[in-house]
Each structure stands twice: as C-alpha cells, then as structure tokens.
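Trainee: Residue numbers (the numbering used here), protein chains in the order written: chain A, 10 to 191; chain B, -19 to 486.
Heads up, the beta-carbon is just placed ideally off N, CA and C, and yes, glycines get one too.
The structure presented is a predicted model; accordingly, all values stated were derived computationally and were not measured.
Right, I'll just put the structure down here and ask away after.
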Amino acid sequence: MTASPSRFGLSRRGALKALFAAGGAAALGAGGLSALRGTAPEVAGLLVLSAHGYRTMNALAGACFPELQAGGPLQGRLDLARDFDRFLATEPAAAQDEARHALTALEYGPVLFERRAVTFSRLAPADALAHFDGWAASGSALRRQVASGLARFLAMLFYDCPAVWPGIGYEGPLVPGAGGAP
Amino acid sequence: MSGEVLDLSRQPPPPFLDAEICVVGSGPAGATAAWELALAGHDVLLLEEGPDRTGRLLTQRDAEMYGQLYADRGARATADGTVSVMQGRALGGGSVINMCDVVALEDDVLLHWSRADGLSGFSPREVAPLRELARADLSANRPDEAQLNRNNRLLRAGAGALGWRGEVMEHNRGGCAGVGACLLGCPLDAKRNARFVAIPGALEAGARVAVRVRVERIDGGSSDVKTLRCVRLDAEGRSAIAPFSLRARTVVLAASAIGSAALLLRSGLGNAHVGRHLMLQPQLPVTARFDDDVRFFRGIPQTFAVTEFEQRAHPQHGWWGFRIEAVGGTPGIVGSLLPVRGPEGRALMAEYPRLASCLVLFPDEPTGSVSVRADGRLAIDYPVGAELVARLREGAKAAARAWLAAGAREVLVPSPRPCRVTRESELECIDALDFAPATVPLISAHQQGTVRFAASEASGGAAPDGRVYGTRDIYVLDSSGFPSSAGSHLMTPIITVSRLLARALA
C-alpha cells in the first residue's frame, strides 16, 4: 500500500471535530442533523459512496459547474459524483473513509457553521457555491484542504470532457489516441 | 526475457528472476544506472511500477493520463494538501511527463556540495565529461525562434520591457510537432528521454526490464544477498495481483526522493536521516488574461525562463532565489488550478485561448520529510516557512509585473479570495497572501534530498558513492541523494550523477 494520504485529509477524528466545532450539533443532536439531511434517493451501482455522499458530491458538482444543474446543457452527460465514486473504489480503505467523512462534514456544513436549517445538498446552487467558497477561505486548515481536494478533482474531470471543450475554445488532442478520436 | 520489456500485469514473472544487480525505478537515474552497469558486464534487472506507454497510448487526456502516468494518479500531495507532488510513474519515469528542459548540473552546485556539504568525488573536473554525455544522451538542442509559442514570447517581451535577463532553455526534443501536451506524455515519441535512450541502451547491453511491479520491501539489507518482496500490479496499476520475491546481491534505488526513501523506511533500512531533508522545490502558477489569443496549450509549452532573480552561488544555499518559466497546459490541469468556481470560474475558463501562464520555481531548504504511517501509507510533510513565504510573494509579484509589462489585461495569483492585479498599484494584494496550508496551490515537480549524500553517517543517509549507510550493497543513485538543489530542472543532473556513481559501482 503506497498511496499518499488522500488530499481530502479528513480523518474520522477530524471530521468529528469539524462537525461539532461550531457547537450546533450539541443542540440539534444526531437525530436532528439526520432529519435535516433527509433521505437521499437510491443510486444504483455505487461502489464506495452512500446515496447521501453521492447526493452531496452531485450538489457540489452542480454548484461549481452550472451546466450540470437540472435543465443545464450537460445534465446527464457527465456524472462527476459517480466518477468520484469509481476513483475512490481503487483507493485504500483509509482514503475512502476520509472522503466519506469529508462529504458528510460538507453536507452538514451549512447547519453547523452557518446555523442554517438546511444541509448542503438542499441549498440552491448559488448558496451551495457560496458555502463551499467559505470552506476554501476558512480559517480551518482542515476545511480548506477538503475544499481544495474536492474542487480540483471535479475541475480536472469536468474540463477533460469533450462536451465542455467547444465552450472554452479547445479543439481537443491533436493526435488521435489509441482508442480513436475523443 | 532478454531484449524486451516484460509486463508483469500480463504474465507472471519468469523463473530465475534473480539478478546480480536489481535497479528499482526506471526514470533517468535508474535507466542510466541499468545501462551503465549492463555495459560493464553485470547481470542487471530493472524494475518499474508504472506502465510502458508510448505513441498513441498517450491520449493527451488529463484524467486518463494523470491516472496512468503519475504517482497516486496525480493526487499525491503533502499531508496538509498545500503542495501537489507530481511524479512520473511509467517506464522512463519523470522524463515521460516532463517539459523536456535540459539544464546542466552546474559547477556552482558542485562547488557548493563540496564546500557546504563536504562531498568528495563531485568536482567539476570529474563531472564535466559526464555532463556532456548527459546532453548527448538527451540530444540537447535549443528551440529556434519559430518554436517559441506566443505564451513564451509574451513572457520574454514582458521581461525584456523590464530589463530582466532570461534565456531560451535547451530541450531533449526530436521531431516535436508542438502538440502541447508534454505533461501527459508525447504521442509522437518526440522526447529523447530515458524511455527512448537509456532503456533501449540497457536492453541492448543485456539488462532485463520489467514493468507493473512494485517493490514493497527489501529484506536482508545487511546481507550478501537481499530479498526483494514484490507484487505484480494489474493493467491499471491500481491493484496487486500476486506477490513474488527475487534476490539480488546489489540493489540500486532510483525510485525518486519519495519512493527510494519510502522503500528504505518500509524495509527498516538506513539511518535516522532517511526520509528527512526533503526538498520539494515548490512552483507557484501565475496566470494572465490577454485580449488576443495566446493558445498556451499549443506549441512547446516551456521554452523561455526569466533568470533575473536566480542566484547561482548563494554562499549558504547554493542555487537560490527564484526563476520564472512560461508553461502551458491541457484544460483539466489548468481548470483544476484556477482559483474560482461556479459562473465566475466558467467565465474565466471561457477565455482559455486568451490565458497565459507561468510557473515561478523556488529552491528550498531541506526541511520536508517522508515517512510511513502505521497503516503503511506514505506521508509527506513540508512546512512553508517565513523565508519561503517572503520569496513566494516576491516571485508572484515579479511574475505579475512581467505579464503586465507584456500587455496583460489582468493577472491572477491563485488563492481562496483570488488576487487579481491589473496595475502595479494592485500588487499589494500579493503581500497579503500568507500562503497558509491549503490556500495557494503549489506544485512540486522536483523532489530531492531524502537519502542525502554525506561524508559521514552523522550528516546524511548515504555515502558520497551512494551506498546507504547501515546497509550492504544498497545504493541510491537518484535525486534522493542531492544535499541541496541540483538546479532548476533535474533530468540532466540526475543522469549525470547516476552515471558518475554507476561507473564507480561497476
């Protein structure tokens, strides 16, 4: 096992610290938090993420890239949350746990850090983006690391998608790959 | 097996894989060592964890190629997420995914190693002929004016307007058509790199080469015969198929400053210096927007460097200061480094053809470390201290000035609240950057120092001849031995030092 620590970097202890740092959980309790999160739709074929984790990652992808939102031109053509799930499937178990904890912390972030009565995946995309940008600029190195890791993963995959290239003036690879043109 | 590369993801290792000398890692260091040692008549086995990818298997697609050709699929980073540690993992190592820059191991560095680090055997007189051999291996040549793309010309124009020194670097290209995806490997096989020079040389000299094999541990490090515990990896390089062992009398570690140290640590070999003294030589991306097309993703990405702020012979540090180099990139890596998301991020990437970019390179103190956690995972720790922060700010401001002088409409320094500069008076936003962990994305392409050469084991992990202290016939011949930075680009110094030490070993 040679993989580096995941860039998502949120050990279970760190996740708990992040989750309860604002003190909101003490008032809400675990049951209250869970109720706010609600039930996530079942997602077939997930390898590592839960339906909740998939929903959080999907919401983040939509917030970062408006084309992926419901009704957007790329809705249904790119499933970055599933790509993340597949990526995690071949990571060490510890890295998988870190990623799951990171997404759980992000899901409850609006409740615990902004005292909202709604979790991340239930925010409007603009609000979700603002909340996520807050993580990137946070005074907590842990939250910054989570934001950086997730944002970079999503961007790498999004801009590698041929459907995105016309919108950014990129013609694609000059030399067709062994699998044929992209 | 002779004369061909054996892919252990497709077949089990042949019987009698034992070797007189086993070289771990097939980048410029390992490939050169294998070549030299095979030429000297030794029985050499060269092992590589990554795949053999050439030609159209190099698809120029970010996600696939970072996944295939980079350690940890391109996601390797320091423990606090601040520095992306980019390392090649392929037959040919980092030379498959580098920018082809040929920068020699300079006399100033050698003299610093002698004076400051007390190293013998690295005098300019001893090294000079090998330096020229390295350039010959690489078919070093300087791109002509027509090969400088607009990104490089703009940086040169900006530096020139400010009266700053610069240079067009030599490269190891042959038949380059300006595909522009150098970081993802060249689909035209136009890099005269370890894959196409030293590896064929080693094979022709009788070395055996195997890919998709990871060495997990070395047993018997003080014994005459070492046992290398290995695993075969699957075709994607992500899962282990089956373990196996082989034996060798001599082991040469050339798995990078991260990999060589990690293997020694996992094997319980070496002294307390192993894993310490890591230098990452961080790079800071600075991007600019122009009104007209720049298309930095086409043509040779990196030819021009601003050398105004380099110090070749700092009395304490050797190579010091900072250096600014133009750089281009494919959409995935560029998008992942931009500091904004959502509609603002999309608007910025919509200007992809009009973006220009550079990297500011910083030599650093050996304050980082590599360790192995209890769960077996690698940890890379790297404090960004006050002195480096001060230079990061100065480098960012210099890069911004150069772009503005070249006519940029705006310069962006990536940070959580992006630093946008449109005029000199706005440079002060850079002074406000504290470079706290996981704020500004730094990149490391050059790792050094974790088993550093030293005259005594009180000061380093290896002797000046590369022998790992506390072991019998285990050597490091890669950049893990460098006691201070060998320069702005390591491919040529690595080949030079590897050949020097391999010939002594032979």
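Do we get a CB-CB distance below 8 Å when we pair Val57(A) with the residues of chain B?
Mentor: For the purposes of this step, residue 57(A) is taken as residue 48 along the first sequence, with counting starting at 1. No, no contact with chain B.
Trainee: Whose C-beta lies closer than 6 Å to the C-beta of Leu118(B) among residues of the same chain, with five residues either side of it excluded?
Mentor: Reading the second sequence from its first residue, position 138 is the one you call residue 118(B). If we look at Leu118(B) and ignore the five residues flanking it on each side, its Cβ neighbours are Val82, Asn152 and Arg172.
Trainee: Would you mind reading off the limits of the alpha helix (DSSP H) that contains Phe122(A)?
Mentor: Looking up residue 122(A) in the first sequence gives position 113. Here the alpha helix (DSSP H) through Phe122(A) covers Ala102 to Glu123.
Trainee: Who pairs with Val352(B) in a beta bridge, going by DSSP?
Mentor: For the purposes of this step, residue 352(B) is taken as residue 372 along the second sequence, with counting starting at 1. Val352(B) is bridged to Leu358(B).
Trainee: Quick check on DSSP: helix, strand or coil for Glu28(B)?
Mentor: Translated into the one-based positions of the second sequence, residue 28(B) becomes position 48. Strand, per DSSP.
Trainee: Would you tell me roughly how many angstroms separate the C-alpha atoms of Leu56(A) and Leu115(A), rounded to the nearest one?
Mentor: Start at 1 with the first residue of the first sequence, and residue 56(A) comes out as number 47. Start at 1 with the first residue of the first sequence, and residue 115(A) comes out as number 106. Roughly 20 Å between the two C-alpha positions.
Trainee: Which bits of chain A does Ser219(B) rub up against, with CB to CB less than 9 Å?
Mentor: To locate residue 219(B), count along the second sequence from 1; it is residue 239. Going along chain A in sequence order, the residues near Ser219(B) (Cβ under 9 Å) are Thr99.
Trainee: In three-state terms, what does DSSP make of Ala182(B)?
Mentor: One-based indexing of the second sequence puts residue 182(B) at position 202. Ala182(B) falls in the helix class under three-state DSSP.
Trainee: Could you check if Thr48(A) is buried or exposed, using at least 16 other CB atoms within 10 Å of its CB as the buried criterion?
Mentor: Residue mapping note: residue 48(A) aligns to position 39 of the first sequence, counting from 1. Exposed, because fewer than 16 other Cβ atoms sit within 10 Å of the Cβ of Thr48(A).
Trainee: So for Pro109(B), helix, strand or coil by DSSP?
Mentor: Here residue 109(B) refers to the residue found at position 129 when the second sequence is read from its first residue. Helix at Pro109(B).
Trainee: Please classify Glu501(B) as buried or exposed, where buried requires at least 16 neighbouring CB atoms within 10 angstroms.
Mentor: With chain B represented from -19 up to 486, any question about residue 501(B) goes unanswered, as that position is not in the structure.
Trainee: Closer than 8 Å is the cut-off here; do at least three beta carbon pairs connect the region 340 to 360 of chain B with the region 400 to 410 of chain B?
Mentor: Touching, no, given that fewer than three Cβ pairs across the two stretches are closer than 8 Å.
Trainee: Name, going along the chain, the residues of the region 317 to 330 of chain B whose beta-carbon falls closer than 8 Å to a beta-carbon of chain A.
Mentor: Listed by position, the residues of the region 317 to 330 of chain B near chain A (Cβ gap below 8 Å) are Leu317, Leu318, Arg321, Gly322, Pro323, Gly325, Arg326, Met329 and Ala330.
Trainee: For Glu180(A) and Val307(B), I'd like the C-alpha separation in whole angstroms.
Mentor: In the first sequence, residue 180(A) corresponds to position 171, counting from 1. In the second sequence, residue 307(B) corresponds to position 327, counting from 1. In a straight line, the C-alpha of Glu180(A) is about 19 Å away from that of Val307(B).
Trainee: Using a Cβ-Cβ cut-off of 6 Å (strictly less than) and excluding sequence neighbours within five positions of Ile221(B), which residues of its own chain qualify?
Mentor: Mapped onto the second sequence, residue 221(B) falls at position 241. Excluding residues within five positions, the ones whose Cβ falls inside 6 Å are Arg212 and Asp214.
Trainee: Can you tell me whether Phe(-4)(B) is buried or exposed, with buried defined as 16 or more other CB within 10 angstroms of its CB?
Mentor: To locate residue -4(B), count along the second sequence from 1; it is residue 16. Burial call: exposed.
Trainee: Under 8 Å between C-beta atoms, does Leu168(B) make it to chain A?
Mentor: Within the second sequence, residue 168(B) is the residue found at index 188, counting from 1. Chain A contact via Cβ: present.
Trainee: From the DSSP secondary-structure annotation, give me the bridge partner or partners of Ser405(B).
Mentor: Stepping through the second sequence from its first residue, residue 405(B) is reached at position 425. For Ser405(B), which the question treats as bridged, DSSP gives no partner whatsoever.
Trainee: Can Val254(B) and Val431(B) be called in contact, C-beta distance under 8 Å?
Mentor: The residue you call residue 254(B) lines up with position 274 of the second sequence. The residue you call residue 431(B) lines up with position 451 of the second sequence. Contact flag set, yes.
Trainee: Give the range of the alpha helix (DSSP H) segment to which Pro311(B) is assigned.
Mentor: Here residue 311(B) corresponds to residue number 331 of the second sequence, with the count starting at 1. Here the alpha helix (DSSP H) through Pro311(B) covers Pro311 to Leu317.
Trainee: Between the region 317 to 328 of chain B and the region 340 to 355 of chain B, are three or more C-beta pairs nearer than 8 Å?
Mentor: Verdict: no, contact absent.
Trainee: Between the region 279 to 294 of chain B and the region 302 to 316 of chain B, are three or more C-beta pairs nearer than 8 Å?
Mentor: Counting Cβ pairs under 8 Å, three or more are found: they touch.
Trainee: With 8 Å as the threshold, decide whether the Cβ of Phe129(A) is near any Cβ in chain B.
Mentor: Here residue 129(A) refers to the residue found at position 120 of the first sequence. No, Phe129(A) lies away from the interface with chain B (no Cβ there is under 8 Å from its Cβ).
Trainee: Considering Val477(B), what are the terminal residues of the alpha helix (DSSP H) in which it resides?
Mentor: Residue numbering aside, residue 477(B) sits at position 497 when the second sequence is read from its first letter. Its alpha helix (DSSP H) spans residues Met471 to Leu485.
Trainee: Between which two residues does the beta strand (DSSP E) containing Glu390(B) stretch?
Mentor: Taking the second sequence and counting its residues from 1, the one referred to as residue 390(B) is at position 410. Where Glu390(B) is concerned, the enclosing beta strand (DSSP E) stretches over Glu390 to Val393.
Trainee: When burial is assigned at 16 or more other CB atoms within 10 Å of the CB, is Gly148(A) buried or exposed?
Mentor: Residue mapping note: residue 148(A) aligns to position 139 of the first sequence, counting from 1. Looking at its Cβ environment, which holds fewer than 16 other Cβ atoms inside 10 Å, Gly148(A) is exposed.
Trainee: To the nearest angstrom, how far is the alpha carbon of Ile18(B) from that of Ala182(B)?
Mentor: The residue labelled residue 18(B) in the question sits at position 38 within the second sequence. The residue labelled residue 182(B) in the question sits at position 202 within the second sequence. The question names Ile, but residue 18(B) is Ala in the sequence shown. Straight-line Cα distance between these residues: approximately 6 Å.
Trainee: Under DSSP, the beta strand (DSSP E) around Pro281(B) begins and ends at which residues?
Mentor: As a working note, residue 281(B) is residue 301 in the second sequence. Per DSSP, Pro281(B) belongs to no beta strand (DSSP E) and is neither H nor E.
Trainee: Across the region 193 to 212 of chain B and the region 390 to 398 of chain B, are there enough close Cβ pairs to call them in contact, namely three or more that are closer than 8 Å?
Mentor: With a cut-off of 8 Å, the region 390 to 398 of chain B and the region 193 to 212 of chain B do not count as touching, because too few Cβ pairs lie within range.
Trainee: Let me confirm a value: Gln(-9)(B) is counted as buried when at least 16 other C-beta atoms fall within 10 Å, else exposed. Which label applies?
Mentor: As a first step, residue -9(B) is located in the second sequence; it is residue number 11 there, counting from the start. It is exposed - the Cβ of Gln(-9)(B) has fewer than 16 other Cβ atoms within 10 Å.
Trainee: By the criterion of Cβ-Cβ separation under 7 Å, what are the contact partners of Phe277(B) in chain A?
Mentor: Here residue 277(B) is taken as the residue at index 297 of the second sequence, counted from 1. Under the 7 Å cutoff, chain A gives Tyr179.
Trainee: Suppose the cutoff is 6 Å on Cβ atoms and the five residues either side in sequence are ignored; what does the same chain contact list for Gly250(B) look like?
Mentor: Position 270 of the second sequence holds residue 250(B). So the list reads Leu244, Gly441, Val448 and Gly450, once near-sequence residues are dropped.
Trainee: Span of the alpha helix (DSSP H) holding Thr65(A)?
Mentor: Translated into positions along the first sequence, residue 65(A) becomes position 56. It spans Ala60 to Cys73 - the alpha helix (DSSP H) in which Thr65(A) sits, taken as one unbroken run.
Trainee: Can you pull the chain B residues whose beta carbon is under 8 Å from the beta carbon of Ala133(A), in chain order?
Mentor: The residue you call residue 133(A) lines up with position 124 of the first sequence. In chain order: nothing, as chain B lies at least about 12 Å away.
Trainee: Does the Cβ of Gly7(B) have 16 or more other Cβ atoms within 10 Å, making it buried, or fewer, making it exposed?
Mentor: Here residue 7(B) refers to the residue found at position 27 when the second sequence is read from its first residue. Gly7(B) should be labelled buried.
Trainee: If you measure between the beta carbons of Ser240(B) and Ser424(B), is that distance less than 8 Å?
Mentor: For the purposes of this step, residue 240(B) is taken as residue 260 along the second sequence, with counting starting at 1. For the purposes of this step, residue 424(B) is taken as residue 444 along the second sequence, with counting starting at 1. No.
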